[in-house]
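Below is one structure, written out as structure tokens; the observations come after it.
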Amino acid sequence: EFLEDSTNVVYLTSDGDEVVREFDPNTTYIIGGIVDRNRMKGATARKARLQGLRTARFPLDEYVAMGANITRVLTVNCCVDIILEHLKTKDWTQTFLKCLPERKGAQEKGDDEEDSGDDDAGDS
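Under the numbering used here, residues 260 to 383 are what the sequence shown spells out, in order.
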């Protein structure tokens, strides 16, 4: 048994069932590390579910616009930067604009834009 009480453990993965709105100081966050989005798509989320852990993703598409073909898969370092920046600013848009790599082409999302999520993204 991984944990006796896993209610306060959340596996962060782009395939997460929940969306992180804020970070709870009483919750342990595990950053998904299986990132081969082609060969092992969804592996981190499956592993977490098998261990009885909740899964969640960052609210990327809710706050920034990125192209439909841009993957939502992020490096571990980028995930750590996002967590630390959001804890400091409490502002998802500014956090993503500051922390996402330039190659993601993230731009502040307008109120009239629809989500352009990449449902085929792999793990965070």
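Note that CB positions come from ideal geometry on N, CA and C, so glycine has one too. Computed from a predicted structure; not experimentally measured.
**Prompt:** Once you ignore the five residues that flank Thr314 on each side, which residues in its own chain have a CB closer than 6 Å to its CB?
**Reply:** Within the sequence shown, residue 314 is the residue found at index 55, counting from 1. Closer than 6 Å at the Cβ level, and outside the excluded window around Thr314, lie Tyr270, Thr272, Gly275, Asp276, Ala304, Ala307.
**Q.** Start-to-end residues for the alpha helix (DSSP H) that takes in Ile342
**A.** As a first step, residue 342 is located in the sequence shown; it is residue number 83 there, counting from the start. Where Ile342 is concerned, the enclosing alpha helix (DSSP H) stretches over 335-348.
Would you call Leu309 buried or exposed, if buried means 16 or more other Cβ atoms sit within 10 Å of its Cβ? Against the sequence shown, residue 309 aligns to sequence position 50. With fewer than 16 Cβ atoms within 10 Å of its Cβ, Leu309 is classed as exposed.
- Grouping DSSP H, G and I as helix and E and B as strand, with all else coil, what is Arg305? Here residue 305 corresponds to residue number 46 of the sequence shown, with the count starting at 1. Helix, per DSSP.
Cα-Cα separation between Gly326 and Pro360, rounded to whole angstroms:
Here residue 326 corresponds to residue number 67 of the sequence shown, with the count starting at 1. Here residue 360 corresponds to residue number 101 of the sequence shown, with the count starting at 1. Looking at the two C-alpha atoms, the distance is approximately 14 Å.
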